[in-house]
Every structure is written in structure tokens, then in C-alpha cells.
Amino acid sequence: MILSVIDIAVMVAYLMGVAGLGWLAARRSDKTAKGYFLGSNRISWPALGLSNAAGMFDISGTMWMVYLLFVYGLKSIFIPWLWPSFNQVFLMVFLSLWLRRSSVMTGAQWIEFRFGHSRAARYSQLIVVAFALISVLGFLAYGFVGIGKFASAFLPWTLHSDPATNAIYYGGLVTLFTALYMLKGGMLSVVYTEILQFIVMTMSCVAVGIIAIMQVTPAMLEAAVPHGWSNLRFGWELELNWQGILPQVNEQIATDGYSLFSLFLMLAVFKGILQSLAGPAPNYDMQRILSARTPGDAARMSGLVSAVLLIPRYLFITGLTVLALVYLVPGFQQRGGWIDFESILPFAMANFIPTGLLGLIVAGLLATFMSTFAATTNAAPAYIINDVYEKYINPNATEYTKVKAGFWVSLLFIIGGATLGMFMNSLNHLIMWLGAALFGGYTAANLLKWYWWGFSAAGYCWGMMTGMSAAVIMMFTDISALYGFPFLFAGCLVVSVIASLLSGPDDMSVLIHFYRKTRPWGWWGPVHRQAIKHYPTLKPNRAFKRDSVNVGVGLIWHTSLTAAPVLLVIQQWLPFSLAAATAVITSAWLKYQWWDHLQDWPDDLNDE
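Counting along the sequence shown from 1, when you hit position 476 you're at 557 in our numbering, and nothing is skipped either side.
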């Protein structure tokens, strides 16, 4: 496939615009560590929300979700719950407020805020840094795999005769360009450019959705898919048989391990709720929350991500999927043999997007890679500079020195992530390991830190070490990361609790400071009773019931926002109307029961 002159012109104009915006942001950003990593907490919550949405609208994840919808139909909207995709609901309702009230710069600094300065707390900080850096490398490799598959299947220029090597070359070139604007401006540069990227991608998504609606009728789609593909209903088993249409899909379903779909969904919900209650991992999502101006803005930003991300992204995913199902399946049938379902996205684009629009969509997909890669990379130097370099290597480092060191750390991680990506070839395997194994090992210790006053730094240290060690072992075994999650969680939970009971609670003054400023609900009675001796006006957080109801409503809201664009593109008008109505009703509920109750700081702190 050869891009037209118009397509190439659109791509070049876009990339020049991104580079110019990134350098402009670099000139405006503060030349301090806080300015580089958090934008000096001056970025508005709508800008952070759009930036966060753009960072999550990554090409690798989008390719994976096109594959899921192609194979599993409408039921695929539940599969990203294993990530979990609905964690933004927990963040917007209460966890973003609690996290932003710490006023720290990184997750490792938050550990000091929660556990103090003991030896166990220092070890816990280093473990969080290690976890953050491993996850950064994993996500950078994940992004590199996606852009490599996209390039090798789609872009017109052949840089090497071997397709795999060609993909690596393209991944390297796009990564290099991303680094040019990301390294210079830090967080402010990332946010500014991601807003432009989100606008471009949204325009592309709407266009693809319209093309699919115009070219594929419900009757055409029904003839191309097995019975049950276009509805949400399922029994104990998936009950989706591709035999006679594309038998290779049945083999893929068996490989994925989702045949017992009810069991899968129960595990996904169990895992998703626990991981969401544990709060954000130390990556770009946490950095966005810590970058917000106020705790209330952090919560609003988290809510905006779901509101603006789901509809355009699923218009795009569904549009390309139905076009592939109707027009490309006959070619797959004739060809036979193995099919790389993760490459359906670029293959569908190459066949169905008209000249002119193609350049805009290619630019948009390049934008999604650049957004994710830049946002992920920005998290690494924040940890190394603030929690290792400044604390243990150069305590007297100037702001200029720290920013320069951050530049080189970012560059090192870009090279490391790209190198790791060269040895990966399956997005699904990488996603499952990141979401269920690595983040599964993170869950137990980080769940307890919010809700139990007696959870100590020693408990956190041993719980995280157990989880990370198990995750690394699982990477080199055939153990299913998803089905192994309950055992991984239970093991880490037992270790965390036993270590906490043996070590005893942390210093009460540290716990009082954390509790008074964060004001979480949970098992904090002994700390509250000690705190009111010093702060008689202090009041406990009594919002547990309201927060729980709002989370439940938020999950329905999130699901309806996911289902509505899918139903729109496949033209199921009654279910679409019900999903849209549900989204409106739940939005109204959240306006009055969540938005109107947002509070930056507890009343007794506001009174000071």
C-alpha cells in the first residue's frame, strides 16, 4: 500500500505541529524538578484529563481490543476488566482525592508519607521504585511491540527485507521522534502534545465509525459472524462457535483460556475490584493525579478520562472490526493457516480507509503510540531522581542538575524499553503478564495500606517482595496469570498480615499525620482516638456508604459508555438507546451524589 501525497502531507504537518508544541511547552515549563515532573501543579484538570485519556488511547491496546471484538463479539467489552479498565471509577470517587492530599511527587515519596522513616519504610520505598521501573520497562516494550506490528503491516516504505527487522526499524524511528519533544519539556510538554493528539484521534474515530455504519448493514454483519456474537448474553461457557466461518478463531479462544467465560468474568471482576481498591500503580496515571492543582481537580480529572475516552475509542475499534469481519474474512478463509489477529487493525485500515482520511488516521495512531510512550517514560526519572539520586547519591543536587539527570534517565529507559520490545511478539501475553501477574503481585500490600491502620512498613516490604518475585517467576512459566491471581493475592495477603503483626504498627505520630491529611475510611479507629487528643475538631470520614454506592453506579456508567458506541456502529438501535439512556441517568446521579460532594480537604483542615 502506498500513501498518497495528501496523506503524507497530513502526516508531516501533524508531526511538525507536535514537535513545535512540545518545544513551546519546554520554553514555558519551570526549570525545576517539580516543574519537569508535575508541571508545577499548575495544569488544569481538563487538560490533565484529556492528556491522561490520550495516554491510555495507545495503539497497542487498541490493536488488542480490535482483536478481542473480532473474536469475542459484544462480550469482549468485559474482557478489559481484567486490566482493570474500570479503575478510573474508583479513582474519581475517592482514591484520587486521598492520593493528591499527600502533596508528594512520586509513589515512593508517598510510602514515606504513609510509613515514615524507619528502615522498613526505606526498604519499602526502594521496592516501590523497583516496581515502578519494571512496570515502565514493561509498558515501553508493550508500546514498542504495537508500533512495530503497525509499521510492518501498514507503513509503505521498506527499510529492511525482513518484516520483523523492518518493524524494529520503524519502532526505533517513531520512538526517536517521540523522545525529541518528550525529553525536552517534561510533564508540561507531554500534556500539551497529548491534547493535540487526542483531538486528532477523536476526529479519526468518528470518521471510522461513520464509514463502518455506511458500508456494513446489520444483515451483512449477521451473515459474517457466528450466533451469539452480537449480544452480551453468555452461559457458563462462551458458546461462540466459529467452525464453518473461520475455525482458527476457535483455536485462538482455546489458547486465550476464555472458554469458561463465566469463570473468567468472575475472576476478572474479583481481580479488578481488588486492584482498583489498591489504587493506581506508580506510573503515568499516578503522575497525572499528583500533577493536579487540588485534590478535587484530581478526582474530576479521573472522571473525565472515562467520559471522553470510551466513546471515540470504541467507535474506532468497532468500525474497523466490522469492516474486517464482513470484507476480510473471505480472504482469511482462502488463505488458511495461522492468523495474527492482533494485526487486524492495520490490515483493515489498509483496505478500507479512503485517501486523504488515511493520513489523518495514521497520524492519530502515531499520536497514540507517542502519547503512551511519552507518558510512561516521564514516570521513570521522577522515581530515580527524587527517590534514589537525590536521597542516596547527591543530596545537594541543584534543580538544574536534577532536571538534566532526569533527561538522561528518560533516554536510558527509552533505549531499554525499545530493546526489550525487540524480543516480544505477543501483545496478549504481555498484557496478561502486566495486568494479572505484575500488578497482581502489587495488589495485596497496596490494598492494605489504605484501609488498615495496623499495616506496617515491614508488612508492605515483605508483601511487595513476595508479589514481585512471584510475578517474575510466572513470566518464565506456563502458569496462567489470570487463573493464578487468586493464589498470588492470597499468598501476598498472608505474608503482609503476618509481617505486620510480627513487627507491630508504625510510629503513631506518622499514622496520625497520614490519617489527618488523607482522611481515608476503613479500620482507623485507634489512630482516630489518638488523633483527637491533639486535634479535637478532627472528624472521621463517614462517606463509605456514599462512595460505595457511587462506585456501583460508576461501574454501570462505565459499562454503558463502553457498550453504546459498539451498539451504535453495529446498528442495534434498541440496545443502543437503552445504553445511552443508562449513561445519561447514571451521569445525572454522579453529578448530584459525587461531583457536588467533592471536597479538597476535610473541614477541620479547611478551618486552619
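Yeah, the Cβ is synthetic: ideal placement off N, Cα and C, and Gly gets one too. Source: prediction; values computed, not measured.
Figure out for me which residue from the options has the closest Cα to the Cα of residue i.
i: D378; options: G130, W638, L659, P435; result: G130
i: P569; options: V632, Q206, M546, A380; result: Residue 569 is actually Leu in this sequence, not Pro. Answer by Cα proximity: M546.
i: S125; options: M92, V272, V210; result: V272
i: V210; options: C542, N475, D88; result: C542
i: A213; options: I466, S584, D559; result: I466
i: F454; options: A90, G224, E303; result: G224
i: L221; options: G497, V297, W675; result: G497
i: S629; options: G544, F175, S141, G572; result: F175
i: S56; options: S157, I292, G227, M173; result: Outside the displayed range of the chain (82 to 689) lies residue 56, so it cannot be described from this structure.
i: W464; options: V484, N477, G544; result: For the record, residue 464 in the displayed sequence is Tyr; it is not Trp. The shortest Cα separation from Y464 among V484, N477, G544 belongs to V484.
i: A526; options: I579, I158, M284, S285; result: I579
i: P299; options: L659, H678, L649; result: L649
Rounded to whole angstroms, what is the Cα-Cα separation between residue i and residue j?
i: G440; j: K472; result: 47 Å
i: V665; j: L671; result: 10 Å
i: N322; j: L149; result: 15 Å
i: L218; j: M301; result: 43 Å
i: F488; j: L313; result: 47 Å
i: G360; j: W602; result: 14 Å
i: Y95; j: F566; result: 42 Å
i: G116; j: A373; result: Reliability fails at G116, whose pLDDT of 48 lies under 50, so the model's placement of it is uncertain and no value is given.
i: P656; j: K598; result: 45 Å
i: S577; j: T336; result: 34 Å
i: T482; j: P462; result: 13 Å
i: M82; j: P435; result: Because M82 sits at a pLDDT of 49, beneath the cut-off of 50, its placement in the model cannot be relied upon, and the following sentence gives the value as read from the coordinates. Each residue's Cα considered, the two are about 12 Å apart.
i: L371; j: V185; result: 7 Å
i: L119; j: A304; result: Because the pLDDT of L119 is 49, which lies under 50, any placement of that residue in the model is unreliable, and the question is left without a value.
i: P646; j: P393; result: 8 Å
i: T399; j: V147; result: 7 Å
i: F194; j: L636; result: 30 Å
i: G101; j: L447; result: 16 Å
i: A551; j: S491; result: 28 Å
i: V443; j: M92; result: 7 Å
i: L701; j: A571; result: In the structure as shown, the chain starts at 82 and stops at 689, and residue 701 therefore has no counterpart that could be examined.
i: Q296; j: E423; result: 23 Å
i: M347; j: N631; result: 21 Å
i: F397; j: G290; result: 6 Å
i: P621; j: R181; result: 18 Å
i: D366; j: I294; result: 34 Å
i: I495; j: E275; result: 18 Å
i: M589; j: C573; result: 25 Å
Short of 8 Å in beta carbon distance, which residues of its chain neighbour residue i, apart from the five on each side in sequence? Order them along the chain.
i: Y339; result: Y153, I160, L319, F345
i: D587; result: F196, G197, S199, A202, S537, A538
i: N331; result: N322, W323, Q324
Taking the DSSP output, what are the residues bridged to residue i?
i: I124; result: A373
i: W533; result: W604
According to the neighbour-count rule (16 or more other Cβ atoms, all chains shown, within 10 Å of its Cβ), is residue i buried or exposed?
i: K614; result: exposed
i: D684; result: exposed
i: T558; result: exposed
i: M382; result: buried
i: S581; result: buried
i: Q324; result: exposed
i: M97; result: exposed
i: Y673; result: exposed
i: I554; result: exposed
i: M695; result: Residue 695 lies beyond the range of the chain shown here (82 to 689); nothing can be said about it.
i: W654; result: exposed
i: L592; result: buried
In chain order, what residues of the same chain lie with their CB nearer than 7 Å to the CB of residue i, ignoring the 5 residues before and after it?
i: A429; result: L401, L404, A405, L409
i: D681; result: T375, P376, G377
i: L341; result: W317, E318
i: E689; result: Only weak support exists for where E689 lies, its pLDDT of 49 falling under 50; the value from the coordinates is given anyway. There are no such residues.
i: D468; result: T187, A189, Q190, Q206, V210
i: F625; result: W602
i: M556; result: W514, A518
So, at 6 Å on beta carbons, what are the nonlocal neighbours of residue i in its own chain, with the 5 sequence-adjacent residues on each side left out?
i: N133; result: R369, V386
i: P165; result: G353, Q356, S357
i: A90; result: none
i: W531; result: P601
i: T524; result: L355, Q356, A359, F570
i: Y204; result: C542
i: T618; result: D685
Is there at least one non-hydrogen atom of the ligand NAP closer than 8 Å to the beta-carbon of residue i?
i: L149; result: Among the components of this structure there are no ligands whatsoever, and the ligand NAP is therefore not found.
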